[in-house]
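Residue numbering for the sequence shown follows my numbering, starting at 5 and increasing by one per position.
Written out below as structure tokens is the structure these notes cover.
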Amino acid sequence: DGKTLRRERIDVKHLVKVFNHVIRVRNPQGMICDEVFKAVRRAVKSTLIIIEGEEDLTGFAVLLASPSNSILAYGVPPNIGVALIPTSKENKLKAVKLLKMFKLTRID
């Protein structure tokens, strides 16, 4: 969502110019919408996905959509660094198990 510790940190207008494709989706806080999963599956090389709202749970979609020989990288705040998660079959199964604990909600 372009924010770190709820402060604006990234000028998205400049970031968009670096990518060949841009996909915008909305995602409410504390949820991961089907639109996020669809955007990740549609994403191709050099694609920027802009989440309008909360992006914290998007890693689940990326992990599940990525080839098994990939690495999911995401920032770990505050000021800790970057987490690197192999997209192995084992980690994908863990993600599915965690997602099954979520309450399914339809957002119109």
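Beta carbons are placed, not taken as given, at the ideal position from N, Cα and C, and that holds for glycine.
Sort out for me which residues DSSP pairs residue i with in a bridge.
i, result
"Gly57", "Asn31"
"Leu76", "Ile89"
"Leu52", "Val26"
Tell me which residue opens and which closes the alpha helix (DSSP H) that residue i is part of.
i, result
"Phe64", "Thr62 to Ala69"
"Phe41", "Asp38 to Arg46"
"Lys104", "No alpha helix (DSSP H) contains Lys104, which DSSP labels as neither H nor E."
"Pro17", "A small correction: the amino acid at residue 17 is Lys; Pro does not occupy that position in the sequence shown. Its alpha helix (DSSP H) spans residues Val16 to Val20."
Can you check whether the CB of residue j is closer than 9 Å to the CB of residue i?
i, j, result
"Leu61", "Val100", "no"
"Asn83", "Glu56", "no"
"Val40", "Ala65", "yes"
"Ile53", "Val44", "yes"
"Lys21", "Val29", "no"
"Ile89", "Cys37", "no"
Please return the same chain residues whose Cβ sits closer than 7 Å to the Cβ of residue i, not counting the five positions on each side in sequence.
i, result
"Gly63", "Leu76 and Tyr78"
"Gln33", "Gly57 and Glu58"
Suppose the cutoff is 8 Å on Cβ atoms and the five residues either side in sequence are ignored; what does the same chain contact list for residue i look like?
i, result
"Gly85", "Gly79"
"Thr151", "With the chain covering 5 to 112 only, the question about residue 151 has no answer from this structure."
"Asn73", "Thr91"
"Lys96", "Leu67, Leu68 and Ser72"
"Thr109", "Met35"
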